[in-house]
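The sequence shown runs 875 to 1196 under the working numbering. Everything on this sheet refers to the single structure shown next.
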Amino acid sequence: MHRLRRLRRTPALRESLAETRLRPEQLVQGHFVVEGTGVDAPLDAMPGVSRQSVDRLVETVRADLDLGVRAVLLFGVYEHKDDHASAATKRGNCVAHAVEELRKACGEDLTIVTDVCLCGATDHGHCGVLRHGYVQNDESLPLLAEMALSHARAGADVVAPSDMMDGRVAAIRARLDEVGFANTAILAYSSKFASAFYGPFREAADSAPKSGDRRSYQLDFRNAREALRESLVDEEEGADMLMVKPAMSYLDVIAAVRESTLLPLAAYNVSGEYSMVKAAAARGWVDEARIVPEILGSMARAGADWILTYHAREALGEGWIA
Ligand code: PBG
């Protein structure tokens, strides 16, 4: 008889034979940056996550670094909103400021990734320039490139466009190279699906579209082949890393992209996935200490190198992932 249970008998056997392992270095903690000072405003729908001004953010990230959180993803939350997202693209915007201060405080021990998208700073909440009710692709590209450049100038290691305009990776790469930032990497949100899992994030970033939805630019959740095309196009345009987002309901896409490219791959464990776990754990319906490593571990097993997750601090601080 085949006895597969022989090798599962003791913890030592199981540990030595684990096929995939999640390492602390793979986790990237998401943060929401606001203008001003002394701000630390907890988000209702995302327990454990706050909107913070740069001074408070630096304190948080330094403490997290001591716990082993070595990478951050920064989102800007902008007060001033207009039709061309000026608050996000101007020099010295709050994300650029955060990058500078984090670099001063943490040096190269910290990997700094910034989200590049206009939705937090447009008055209509769409990810690009809106005209006649349609998000204009090519008009949005220079704005995205300027936003990415402001982050690169401040010292970001990686800029991560999440807007889903066609051609944005090439536009950003060209602009960065032109100004002398050939070493700033691009992590393309290449397979980003139009998803209900972003609900809590839109409250956090105040970035919900005021009219319509994002389905004319984000992927349809029924399409895995199209997600591969997006990935391959972004690779061809010069992306250094690719991403699948959301992650939990898209493990098949993670596995398929992994098979189709040699680039490093990131999985984004998004806000709704986080909030569902938090809500169920608060009621005692699931054991967070066990479910978080299982969820993040499944993404690593599917083929993700980086996992962007709001669980990073707790997972490392509590020793759920060692
Ligand atoms: C901006 C952006 C979104 C997320 C990351 N960048 C929201 C959206 O596209 O509506 C979602 C992140 C999360 O839910 O954690 N375009």
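By construction, the Cβ of each residue, glycine as well, lies at the ideal position given by its N, Cα and C atoms. All of these numbers come straight from a predicted model, not from anything done at the bench.
Item: Beta-carbon of Asp1161 versus every beta-carbon of chain D: anything under 9 Å?; Value: Absent here is chain D; the protein component of the structure consists of one chain.
Item: With DSSP run on the structure shown, which of helix, strand or coil describes Arg925?; Value: strand
Item: Would you list the residues sitting across from Phe1095 in a DSSP beta bridge?; Value: Phe1095 is not bridged to any residue.
Item: Nearer than 8 Å: is that true of the beta carbon of Pro1035 relative to any heavy atom of the ligand GDP?; Value: This structure lacks the ligand GDP; the ligands present are the ligand PBG.
Item: Is the Cβ-Cβ distance between Asp989 and Gly1041 less than 9 Å?; Value: no
Item: For Ser1172, collect the residues of the same chain with a Cβ closer than 8 Å to its Cβ; drop the 5 residues on either side in sequence, then sort them by chain order.; Value: Met1122, Leu1125
Item: Start and end of the beta strand (DSSP E) containing Met1117?; Value: 1115-1119
Item: In this structure, how does DSSP classify Gly981 when only helix, strand and coil are distinguished?; Value: helix
Item: Assuming Asp914 and Arg930 are in contact, meaning their beta carbons sit under 8 Å apart, how far apart are those beta carbons, in whole angstroms?; Value: 5 Å
Item: On the DSSP letters alone, give me the boundaries of the beta strand (DSSP E) that Arg1047 sits inside.; Value: Unbroken run through Arg1047 is the alpha helix (DSSP H), 1042-1053; no beta strand (DSSP E).
Item: Mind checking who Arg1076 pairs with in its DSSP beta bridge?; Value: According to DSSP, Arg1076 bridges with nothing at all.
Item: Counting pairs of Cβ atoms below 8 Å between the region 1016-1030 and the region 974-993, do you hit three or more?; Value: yes
Item: Since Leu984 and Arg944 are thought to touch, with beta carbons under 8 Å apart, how far apart are those beta carbons, to the nearest angstrom?; Value: 6 Å
Item: Round the Cβ separation of Leu1017 and Val1003 to the nearest angstrom and send it over; I've been treating them as touching at under 8 Å.; Value: 7 Å
Item: Assign Pro916 to one of two classes, buried (16 or more other C-beta atoms within 10 Å of its C-beta) or exposed (fewer than that).; Value: exposed
Item: Helix, strand or coil for His905? Go by DSSP, reduced to three states.; Value: strand
Item: Does the ligand PBG have even one heavy atom less than 8 Å from the beta-carbon of Tyr1008?; Value: no
Item: For Ala954, count the other beta carbons within 10 Å of its own beta carbon; 16 or more makes it buried, fewer makes it exposed. Which is it?; Value: It is His, not Ala, that sits at residue 954 in the sequence shown. Burial call: exposed.
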